[in-house]
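*Asks:* Following this message is one structure expressed as structure tokens.
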Amino acid sequence: GMPSAPPPVLSPRRKSRQIKVGSVAVGGDAPVSVQSMTTTLTADVNSTLQQIAELTASGCDIVRVACPSQDDADALPAIARKSQIPVIADIHFQPKYVFAAIDAGCAAVRVNPGNIKAFDDKVGEIARAAADAGVSIRIGVNAGSLDKRLLAKYGKATPEALVESALNEAALFEEHGFRDFKISVKHNDPVIMVRAYELLAEACDYPLHLGVTEAGPAFQGTIKSSVAFGALLAKGIGDTIRVSLSAPPVEEVKVGLQILESLNLRQRRLEIVSCPSCGRAQVDVYSLAEKVTAGLEGVEVPLRVAVMGCVVNGPGEAREADLGVASGNGKGQIFVKGEVIKTVPESQIVETLIEEALRMAEEMTAA
Ligand code: SF4
């Protein structure tokens, strides 16, 4: 068919340096990537690799693993070798694990400037080892573990304090000629977090890793992250994202991808356009939408499926979508690319939509 123009985005991307996290480019014109973190004991290699495989299958681009002990450090070579996506080792306090992660073949290392006392005199060595191995670093500032000196100076984890901590740490690496890092300044309050990233975006050209830390259980965390990332990404700020949820990491990836898709920063995949239902509805829209969503789980092609409760907006939306149903009088009019292809009894709406969607998905995949 005709090559279509790329879908519009709200702002051009902030111009950032590009770094590599293993095979994934971060910053510059690279697509905004999605990260998550394993919840298994890193030392448990099989469970960790199993979870990484699930994350990979769900669309995760980069995975981070915690490394709090020697057993975890010892597991890194096997994990880095067998993971299908780049692995970042998350390290606090212990410089020796940074070197272990670099030797293990991890794609990147995350260090926390809040714990910098332990790292201060090692920065040169870390920079050299990382540069030699082609390993990038995330300078990950976190409100909960802000450098004591800055906490004393600012009284609390203000946006300015978070940014100063990050830039101090960046300067230490820069002194050694090392610039292959990305920065995060996480806070659990989206307002403070957004302000911090805005300041940071102006102060440097490093790629930025977005995160609202301790965002909470799935519902609250999804909203906090969506609002905060949305505010920043809408201005072109953000090169890689991690949604933090007190929920399985695969959920974090799903939310992250959906945020990017909503802003046209990723190609949209399956999209269910369903109405909220109202007093005019002539079918149970919730159950219809739920069943169609469940039946099409795993469909990766950009397909818009409209599920509409009545004939007011129904036919209009159903026409705009690739596929849709407008219900009324115990029947469903099935639309494909704007044309009514058939009218089926209500009991057959779900199966008909799923059948048509899968057929269209197959055609799109084959094309
Ligand atoms: Fe109500 Fe019909 Fe609109 Fe659904 S499509 S919200 S049922 S008017």
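FYI, the UniProt record's numbering numbers position 142 of the sequence shown as 149, with every residue one higher than the one before it. In this text, a Cβ means the ideal position worked out from N, Cα and C, and glycines have one as well. The model shown is predicted, which means the values in this text are computed figures rather than measured ones.
(1) Classify I59: buried if its beta carbon has 16 or more other beta carbons within 10 angstroms, exposed otherwise.
(2) For K298, I'd like the list of residues in its chain whose CB is within less than 6 Å of its CB, leaving aside the five on either flank, ordered along the chain.
(3) Classify L17 as buried or exposed, calling it buried when 16 or more other Cβ atoms lie within 10 Å of its own Cβ.
(4) Tell me whether R287 counts as near the ligand SF4, meaning its Cβ is closer than 8 Å to at least one heavy atom of that ligand.
(5) Would you call S40 buried or exposed, if buried means 16 or more other Cβ atoms sit within 10 Å of its Cβ?
(6) So which of L295, S294, M367 and E353 has the shortest CA-CA distance to A328?
(7) May I have the straight-line CA-CA distance separating K129 from Q227, to the nearest angstrom?
(8) Assuming D154 and P120 make a contact with CB atoms under 8 Å, what is their CB distance in whole Å?
(9) Out of V72, A208 and F106, state which residue places its alpha-carbon closest to the alpha-carbon of D139.
(10) V118 and I86: beta carbons closer than 9 Å?
(11) Using the DSSP secondary-structure output, state which residues sit across from M315 in a beta bridge.
(12) Tell me K193's beta-bridge partners as DSSP assigns them.
(13) So for T247, helix, strand or coil by DSSP?
(14) Please report how far the alpha carbon of H183 lies from the alpha carbon of D79, in whole angstroms.
(15) Could you tell me whether the Cβ of I86 comes closer than 9 Å to any Cβ of chain C?
(16) Okay, do the segment 202–209 and the segment 163–174 touch, 3+ Cβ pairs below 8 Å being the bar?
*Replies:* Taking the definition as stated:
(1) buried
(2) V357
(3) It is exposed - the Cβ of L17 has fewer than 16 other Cβ atoms within 10 Å.
(4) yes
(5) So S40 ends up on the buried side.
(6) Nearest of L295, S294, M367 and E353 to A328, Cα basis: M367.
(7) 39 Å
(8) 6 Å
(9) F106
(10) No, these two residues do not count as a Cβ contact at 9 Å.
(11) In DSSP, M315 forms a bridge with A333.
(12) N149
(13) Note: T247 maps to strand in three-state DSSP.
(14) 28 Å
(15) Reference to chain C is not applicable here, since this structure consists of a single protein chain.
(16) When Cβ pairs closer than 8 Å are counted between the two stretches, the segment 202–209 is seen to touch the segment 163–174, the count reaching three or more.
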